Structures are given as structure tokens and as C-alpha cells.
Amino acid sequence: MERLSARGEEDYQIKIKPKRLKEFKYRRNMLLVALGDAYIPNRAIDIPLKFKKLLSIPDKISHIALLGNSTQSNEFLSFLSEISPNISIVRGEFDNPKISIPKVKATDTKGEVSNNPDENKEELPLTSIIKVGDFRIGCCSGYTVVPKNDPVSLLILARQLNVDILLWSGTHNVEAYTLEGKFFVNPGSCTGAFNSDWPIMDDLPLPQEQSQQNNSSTTSAVETDTKEDEVVSQDNSTEKTAVEEPKQEKQEEEQEINEEDIDIPDSVATGSNTPSFCLLDIQNSTCTLYIYIYVDGDVRVDKVVYKKNDSPEDNQPYN
Amino acid sequence: MVYADTFDHARSNIKQNSILMKRQLDKFQLMEALKFTSNMLQELRNPHWSPKQYYELYILIFDSLTILSEYLIENHPKRHHLADLYELVQYAGNVIPRLYLMITVGTCYLHFETGTTRQEILKDMIEMARGVQNPIRGLFIRYFISQRTKEFLIEDETLTKKQNNNEEDVNVISTNERDLETIKFNCQFILNNFIEMNKLWVRLQYQGPLKERDQRTKERKELQILIGSQLVRLSQIIEDDEDVSEIGQNDNKYFQIYSQEILPALLEQIIQCKDTICQEYLFDIICQVFPDHYHFKTLDQLLNTTIYLNPKVHINKLIITLIHRLTDYVNRQGLTTKDKDNNDDNGGNDIFETFWKYINDIKKERHDFPLDQFILLIQDIIHLSLSWYNQRFDHVESLFQFLFETFKEQKLNSTEMEYLDPLLLQLLTFAHENDGNDIETNKTIEHYANFYYQVIIKCPSFTKVILALNTRKAIQIKIITTIVNKFIIHELFTEEKEYWILNSKVELEKLLEFLQPLINYQNPNGGNGQESVAKMCHIIYNNMVRNKKITSFKTIENQLEVVLSLKNRLNNNNGNPNTIITYPTIITIFWKLIRTANYLKSKLTKRQDYYHNLIKQIFKYVSRCNSDLFDFVNLNNVDNEASDVVDMDTNIKMTDFIFKLNLTNASLADQLGYNEIAYDFFSQAFTVFEESLSDSKTQFQALNYMTQCLQKTRSLYGENEEENKDNYYDSLIVRCTLHGSKLLKKQDQCRSVYLCSHLWWATEINSIGEDEEVEDGDSTQHFYRNGRRLLECLQRSLRTADSIMDNVQSCELMVELLNRCLYYFARGEEYETRVTANYINGLIELIKTNLKSLSLEEINDLTITEPNEQKEILSNEYVTGLDGTYWKLPSKESSPAIISIAQLVKSKLSIRDMISIPTDHFNRTCDYILTQRSLDARFQNIVV
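Line order of the protein sequences matches chains A and B. If you read the first sequence in our numbering, its first letter stands for residue 107, the second for the next number, and so on. If you read the second sequence in our numbering, its first letter stands for residue -13, the second for the next number, and so on.
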């Protein structure tokens, strides 16, 4: 896994205006939206309005991959079914094993969900595979992948499903990297819902160092940490040093401090980062990944390009 | 003289006579001219014309008479004297031509006379008009008077005004007095004419046969403008210009005339005529034509009148017109309180009080007053009150109180109330407030959320009214949901979140009281709005945390109390099935509090014990929620012995859900270092699993999730492995693996157990800074790792795979196992993991042998299939999913512009396709090994 140079982090952040989504329709390509961990209404109220506006362009998005824990809200599901009639849902840990997927009917009044629970009730699979252009895309909520979020165990899954791109979720952290020529994308949580995973507690060690032995035909690889994460972790580290150095003074002061005087950052309670989702723009053997992150009331867009490595030596048959 | 028999004939007759008249006038032959005039006036005698036709003829006549009067004025007194002419025309034969001529001459004469003579002429004309009592003809003749005299009645005005300006100050008072008399006379004149016209108009209704009633009503509507014009005329006399009103004196003067003479006379007419059309029309016209600030001051009189109107009159329509006028006026004047105070002083009464007294009067005087009209009326008074007084929610409260009591008295049953539903929805969601004025008054979403909040907090009767709608469940729920949605929209879509603030527990109770019907709502068709309730819980929590510095929810303990009372409301004395949907939200909020408490614990080292106990306590509350849910599901089980499939599904779903909640709790407790609590939650999860989770598919997934959670724990085992032989972790993972090995299906057993092998091989968690790659790192040294047990798991899994009779399944599982082995081989040293190259080579050999025997089956199969078919089959590809389901991959030929989705294979596959699954998977794995060789030399020891 190779990370673009630290300096490069700014370079690949190409600002795209929301208009950009509309332009897509004139090109011969497929747009696939990857969303996960919405947790509406259990852990979040809804996705940000700006996401709704970005997504509300009917007939442009060919497919939605819903990567788990996003089926509790009928309202949300009918919102999605208006964006695109094609939705692939995989089961997350808190999804019902069987759900009825609202279908938008022409005769129906807008957004009304059929009240009959037995109508088109479907069993949610753990995994699903979509083929777009030259790509096979695997979807998985990741909740039965052990160890959780482990790149090598995800690689095993990608190999088992025989896919080029694996979409997974469950961490509420947006992530994208290539490993063994396969592209791994985690769109994070589209609502920024409460995350029961280990909270991010320290400055992350650079991921360059990890699992280097698996690194072979990397085309372009990126791990995206949201800005918020970094801000939070920086906060923590500075506070930490402050506590460590003038220890005694600090403790004396503490007696004065009341609980209500302490500012508690939002991320402390939710343990998660900001809302995010991904858009995959696929043309033949090129996949352009747009990562939409909601930071401080604005949508930040990052772009990563992944090309399928179709060189003959890769496809060597086993002898 | 006779009139023409057809309309066209009548028209041409008038035109012809008119031309002849003009010709005679050109020759100054007045007497001849008058003869032709008289001729054409005969046409107005015909009683057969409809009002429209009559009006058309009247217009032609009016134009001709205008020509005549111009001549008369020009040539007076050199060719004739108008006084003589006035006498002369009295001799015309028929009353209609006589009156028209007389009025024409009379009004010309007015040009040359002022003062009392003028008044005498006017009086005479109006007296003479009494001679015509036929409604249509009478109306038109009086309309003719009014049109002809218009310029004198209003011109008087401007003339005197000019005089006022020119004359000396000393004379002002005397002229004013004279002026006042003139105005009074003019008003009286118009008023007289109006009263007579109105009588004729009402009489029209009762003329002719009964069956023509509708026709009459239609005709009256056509004629109403003639009556209305009289009021317009009145308003023109007493209307003050902008600059005049500034002086205030004239304003007062006019207002006195209006309030003491005009309005009482008008209102008396309205009441006495007892005619619905007349009452509705005239009241409306009064509201429309007279100045709005007069209405404010005469509101009492206006409102009182409505009580005594014909019961068939829709009072609320009249009041709404009036209120709209008043609100528009208020909005025009700007909403500053200063203005309002001034107006209040001027009017000497309180607008709201007036209306308040009014609706109470109605209730007393008019027992038949229908409820729907009350609702509309109240809605309008609220609307007025809110634009008039900015933040007077006590008014709103009084009105809802009134409505509530009216409800109680009327004791309506539910079907009777059905027709009120749309009205109530409008009233109670304040739909009125939300549309129309948006742009003007700059009201925003924030405003609305706060507005509803203020209503809920400050108007207890609002909630009472909503609760009283219990028999109309659908509409009650719709109202609450609509309002809750406003809060949701506000929370999500606006930057300005501090607009409404939850200040105290009392306020919270009020808010919850309002939400209670929705919380308890049971809709047999599903979709009972609990999603909104859940979202509202988040909103309450967010609001509390955001504003904690300025409210009474300063500490986490205060906040905890709020969440607990929220929880109790949702539970509603242990019996609310909706908790299945709403409790998870409460649990999430508890989790947030736990994390916050932990943060505070790290900041306030002095109070660590306090927070430590607090966290434990909150975990107990969460546990209570879990067990409530669990009890509820089980109770449901007992109740529905013969439960159908849907209930079975719900039960599996709920049990699974509770199982996972326990695991999430365990993970959270573990992350904070509460190993005993974590252990307890894991044990509870096991209990749920063992006692209630019976569906094999769910069991398999649930167990894998548990493995995933356990593998991420850190607090359950001690730093030193030797000391903690009987640690929590050991007992939990052994129990988990055992359950895995006892699953119903062998392939589930096999997968579950090889996943459990990870429980003996802890891996780094990046987010807390663990990194395996750091040499001699502290973090990885205490990782729980035991290669021996790990290998035992893999071997156990292999034995299971080998024992499966289905060759394909068995092979596929072995390939999966091979992948697992490669994972350990890549991630750890051989001596640690015990997964050696030799072991892997042995496994590869075994797979190869098995695949060979599989391919023998395939050859047999091939002999049967046709060559064509064979080709088709080759293009298909299959893989297995995480749980062993077969998926048919989309074929490669699909065009790049088409998205295709893999199909879950339900029917039986051909043996050829089945064989391809483990074979291809094995080939892909071998490819991986080959590519790894260049990166990791150890892979060269693996023979493929």
C-alpha cells in the first residue's frame, strides 16, 4: 500500500463544484454511488442537506451500493430509490435480515412508501457483486470480516469474490487504497453516525510502513483521512503535552474547573468523523473515485483515479 | 307612447332619437330636442329587460343625456332659464321620462346654485324618485341621481378645501363648521339614496313566481354593484388624504361622521333587511371601502352586528375579510410596537380583547354557531393576534383554551368530527402562519421551529386540544408529525441552531406531553411515525448538549436525568411496543454520554472516581434498555403462540438485534477499559445466543460478528499472559469457538471455526496507535497470540471441510482455508503462528488431489452435454459469498454502458459450473502466491 507523498495530499484535492455532477450526464460513463452506515434513525437524524442536494439528480446515477446499516429508515430508502432505481444492498450488523425495498411507482404519490410489509420483501445478502464497464465491484458491509477492517482479510474476500474493486464499510471512516492491483473503497458513514469502533485517539502513524510485503503492482494509492480527524488528533496531542509538562500546576488548577466549563468536542461523543460518501465514475477500464466529505458545513471533494491493470502477465493461467 | 318590442329595436330607437335630439340642439331647438329625448326615454319603461339589457340601454341613454346637459349648461341663462325648464319637464307624460329629464335639468341647475338652494333641489329630486317602486327601474333611476350628483357631492369638498387654504386663519373655524354641515348633508343624501336602493334591491328577490327564485338571486348579484357604488361614494366623501390625516383634525371630523351617522345607519340597514345576500355583500363592502384604521376603532360595532345577522350567513367569511384587512394594515404599517401602541391609544381599546369578547359573545348568543366556523374564526384571530402582538402567546393560549372548552361542551362523536379534520390540521399546524407572508416578513425555518416550541411551552391548552383529538387518531398524529418535521428540518438544514433552546425539565415535560400521542401510536399498517420520535430524541439531546452552558442541563448528570425521563416516556409504563424502534436511539444517546463522561474523567483527574461510577451507572441503564427489549420480545412470543411467519421474522430480527446491542456495549466498555462490564455484556450476548437465537443463518452471522468484536478487545486479558490463565478473554473465545463448531451446517462450522482462529492472533488497531511493524514496539508485545491454539482451529476447520460429503463445498472450503493460512503466513513468523510453509504445501497438495477427483466428475458430465451448450456454460462464472452462497457473476460480454448485478443462485448448478468455483478460486490464490514471491522470499518455499 503506497500513500501519496505527504505534500501530495493537497495536490489531489481537486475542488469540484456541485454543478460537476450534472456534467456527467453528457459523457458515456456510469456513475455508482457508494453509501454506508447511515444508521437513521438509531444513531443519526439524516444525511446533510448538501449531500441530499448533490444526490438529488434523478436519472444520472446508474446505481447505488448501500453498504450496510442504512435500511432502518423507510424515508431514507425512498429518498434513495428516487435517485436511482438500481440499489444493491448488503446486510450490516444492524440491518434486518429481510427488508422491503420501497419502489417508486409512477402512480404513487411522491415518496409514499407502501405500507404492506410483505410486499417485495427481500432477504439481504452479506455480499453482492456488480459489474460496471470492465470492473467487477464487490460490496460488503464488513461486519463478518475477521479481523475487522484488516486490508489482508479484505484482500482475501476480494479474491474469493473475484472482484477488482471492493466496497466495504463499518468503520465510519472514509478510506481508499489499492492493494495487489485491487481497489478498496470505504465510503465512511453518510450521516457521520455514532461509531462504536475504537475512537481515534492519537496521531496516526503513517500507513506507508504497514503491510509493505503485500505491496506489488500499485497504480495509485491513497488513504484519506478527513480533515476533522487530524484536527481532533492534533487537539488531543497538544492537550496531552500540556498536561504532561506542568503537571503540578495543572492539578491545582483543576480544582477550580467545573465540569460545565469544559468544552467537549462533538467527536468525543460520537467517536466518528464527518459524514462522507463516494461516487465512482467508471469508463471502460478507468474508475475515477470522488470522495465527498462534509466538513464544517461545506462539502469537500477529493478525487482518486484507479485504472484496471489488465496486463497479460497478471492473467497468467496457473500451470 | 309605446316602447319597442325587441331589444335591437329598442337600441336602434334610442340611437335614432339621440341623433335627432342632437340635430335639434345644433339648431338651438330645445323643445324639439326635449321631445326626442322623451321619446328615447320611453324605452326605459319596458319591464321585460333583464338587468344586463336594461343596463346596456341605460348607458346609451346616459350618454345622450350628457350631451343634453352640456347644452343646458352652456346656454343658461341666455337662451333659457333652468328654473323654468325644471318646472316645464314636470309635465312629461310618463313617470320614467319625467324623472330622467327632471334629474338632468336639476343637476344642471346645481352648477349655478350653492348652499340651501342646492340642497333644496337635491332633496326634491330624491323625493320625486320615490315615485318609481319597480326594483330595476327604481334602482337605475337612483343610480342615475347618484351618477349625476357625484361631482357636486365630492366637488364641494375640494372646493371648500381650497377656500380653507386661501382664507385667513380667523375664518377657518367658521368655514369648517359650514363645511361640516355640508358634508353631513351630502352624506345624508347618499345614505338616503342608498337605503332606498337597498330596499328595492331586497324587494327584487321576492318579485315574480317562486320557481324563479334562483333567477332573481342571479339578477341581484348582477345589480349589486349599483348598491355598492353608493358606499364607495360615501367613502370618497369621508376619506382623508395622507396630508389631511396628518393634521388629525379632519380625520377626527370625518371619523365622527362615519362612526356616529354613517356606520350605525348602514349596520342597521344590514341587520334589518334580514336578507343573506344583502348582509354578506354589504358587510364585505363596508370592510373593503372604508379606511382600515376606522375599522380598528369601530371594531366593536362591526363585530356586534355579525352576531345578529341571518343564521345562514357565514359569519367567519365576513370576519376573515375584516381580519385580512386589519392584518394587511398592520403589516403595511410595519411591525414596530410603537405604532401599535399609538393605534391602541387612538382606538382606545385592545384589538385582541375586542375579538376575545366577540367570540365569547357569539358562544353565548348563538348556540347554533357551528364548530367549523369557530375553528376558522379562531385561526384568523390567532393570525391577527400574532401579527399585531409579536410574542403574546397568552392570547394564543386563551384561544386554544376556548377551543378546548367548546370541544368539551359540544361532545361530538368521532364521525361527526370527521369534517373538521382538514380545518383542525390547518389550525393546529399553523399552516396559516407559514404561507403567504414568508418573503414579506422574512420568517425563516429557525423562526418556525422556535415558534412551535414557544407554542408548546407557553400554551398548555394547545397540547390539551391535541390530546382531545384522541378519537381522531389519524389527524392527531398528522398534526404532531407535521410539527416534529419542522424541528427535524430546522435541526438538519439551518446553520442557526440556537434559535430554540430547551431550558428546563419543565419545558421538557411539556414537549414530551405534546409528543405522547405519537409515542404511543399503534398503526396496524406499520409506519407509525416512530422514526420521527427517534429523530426528535436526537434533537432533544443535541439541543441540550449544544446549549448546556445557558440552560439547567449543565452537567452530564443533568443530561442523564433528561435522557432517563425521555426513556420513561417512550416506555410509557412498560408497555409500549414502539420501544423496539425508539430504544436504540436512547441507547445511542447513553453511549454518547458514556464517552463524554470518559472524556471528562481524563480532564478532571480529581473527580475520576465520580466519573468512573457514573459510567458504570450509565452502562447499567443501557443494560436495562436491553433487557426491557428482550423481555418485550419474549413476552410477545408467549402472547402469539400461533404466530405467523411475519412474527417469526420479527422475533429473529429482534433477538439478533439485542444480541448485537450487547456486543456493541461490550466493545464500548472494553474500549474504556471496563473489563468486567465488557465481560458481562459478552456473557449476556451468549445468553441471548444460547436461549433465543434459533435460526441457523442468523446464528452463523451473529457468531462471526462476535468473533470480530472479541478480536478487537484489549481489556479482557492482562498484560502478563502467565498470570491470567483463567482470564475473561480465554473463557469467552473458547465459548465462542465451541459455538462455532456446533453450528447446524458443516460449512458454517468450518467457516466459523477458521474465523475463530483469529481470536488467538490479535492484530494492530491503527486508530489507537498500535503498529505491528514497529520493531520491539510496546504495543504489540502484549497482544494476545497463541499459535498452537490458532493452528488447532485451522486443523479442526480442515477436518470439518474434509468430512463434508459434497465435494465442491469441501474443496471450496479448503481453498478458503488455504487463504486463511496464507494470511497468517504473510502476517506472522512461522514459529509464532505455527502455520508453516510445509503445512501450506500439504494443504495445497490435498486441494490438488481433491480438485482432480472433482474434474473426473466433470468429464463424465461433459460426455452428456452438447458442444453448443458447453460453450454457453463456459461464459458463466460463479463464486461463493462470505456465507457460502453461490453467486453467478455477470457475463463478460456485457457492454460497458450496462450495469449488471451478480445473481444469487437458487436453483441447482450444473456440475461443471460447480467445479469451476473452487478451481478458479484456487487458481486465483496460486496467482497471489506467485506474485508475493518477488516481495517476500518466504513465499518461495510454497510449492504451487
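The beta-carbon is built from N, C-alpha and C at its ideal position, and this holds for glycine as well. Since we're looking at a predicted model, the values are computed, not measured.
From the beta-carbon of V252 (chain A), the residues of chain B found nearer than 7 Å are N690, T693, Q694, Q697, L741, H744.
Setting aside the 5 residues that flank it on each side, N(-1) (chain B) is surrounded in the same chain by A(-10), M26, E29, each with a C-beta closer than 7 Å to its C-beta; the list follows chain order.
At a cut-off of 8 Å between beta-carbon atoms, S194 (chain A) makes contact with chain B. Against chain B, the beta carbon of L267 (chain A) has neighbours under 8 Å at V865, G867, W873, listed in chain order.
I469 (chain B) is classed as buried because its beta carbon has at least 16 other beta carbons within 10 Å across all chains shown. Taking the C-beta atoms as reference points, G198 (chain A) is found nearer than 8 Å to G276 (chain A). DSSP, read as helix, strand or coil, puts I195 (chain A) in strand.
Sequence-ordered contacts of the region 235 to 252 of chain A with chain B read I235, I236, K237, V238, G239, D240, R242, C246, Y249, T250, V251, V252 [C-beta pairs closer than 8 Å].
When B:F130, B:W187, B:R65, B:E137 are compared, the shortest CA-CA separation from Q119 (chain B) is found for B:W187.
Under the three-state reduction of DSSP, C393 (chain A) is assigned to strand.
Judged by beta-carbon spacing, V794 (chain B) lies beyond the 8 Å limit of H907 (chain B), meaning their Cβ atoms are not closer than that value.
The DSSP-derived three-state label of M136 (chain A) is strand. Annotation: the continuous alpha helix (DSSP H) that includes S551 (chain B) extends over 542 to 557. About 6 Å separates the beta carbon of T582 (chain B) from that of V374 (chain A), a gap short enough to meet the 8 Å contact definition.
For the region 801 to 813 of chain B, the set of positions with a beta-carbon nearer than 9 Å to some beta-carbon of chain A reads V801, E802, N805, R806, L808, Y809, A812, R813 in chain order. Contacts between A888 (chain B) and chain A, judged by CB atoms closer than 8 Å, involve S234, I235, I236, K237 in chain order. Cβ contact annotation for V269 (chain A) (same chain, cutoff 7 Å, sequence separation greater than five): I235, R242, I243, G244, in chain order. Contact check between the region 720 to 728 of chain B and the region 910 to 927 of chain B: fewer than three CB pairs, one atom from each, fall below 8 Å, which does not count as touching. The C-beta of S789 (chain B) has fewer than 16 other C-beta atoms within 10 Å across all chains shown, which makes the residue exposed. N805 (chain B): member of the alpha helix (DSSP H) spanning 793 to 813, first to last residue. With contact defined as three or more Cβ pairs closer than 8 Å, the region 681 to 691 of chain B and the region 636 to 643 of chain B are in contact. Per DSSP, P371 (chain A) has no beta bridge partner at all. Any Cβ of chain A closer than 8 Å to the Cβ of D734 (chain B) would place that residue at the interface, and such an atom is absent. Scanning chain A for C-beta atoms nearer than 8 Å to the C-beta of I525 (chain B) yields I151, reported in chain order. Taking 8 Å as the cut-off between beta carbons, the residues of the region 372 to 384 of chain A near chain B are V374, A375, T376, G377, in sequence order. For Q657 (chain B), the chain A residues whose Cβ falls inside 8 Å of its Cβ are W304, P305, in order along the chain. Counting only residues of its own chain and dropping the five nearest sequence neighbours on each side, C779 (chain B) has a CB closer than 6 Å to the CB of V739, C742, S743. In this structure, Y86 (chain B) and F138 (chain B) do not form a Cβ contact; the two beta carbons are roughly 18 Å apart against a cut-off of 8 Å.
The three-state secondary structure of G79 (chain B), taken from DSSP, is coil. The alpha-carbon of L74 (chain B) is positioned some 10 Å away from that of L20 (chain B). Assigned with DSSP and collapsed to three states, R771 (chain B) falls in strand.
Straight-line measurement puts the Cα of F300 (chain A) at about 23 Å from the Cα of L385 (chain A). In summary, the residues of the region 163 to 184 of chain A whose CB is separated from some CB of chain B by less than 7 Å are S168, H169, S179, N180, E181, in the order they occur in the chain. Looking at the DSSP output, N317 (chain B) shares a beta bridge with no other residue. The C-beta of A520 (chain B) comes closer than 8 Å to at least one C-beta of chain A.
In this structure, P381 (chain A) places its C-beta atom within 8 Å of the C-beta atom of C296 (chain A).
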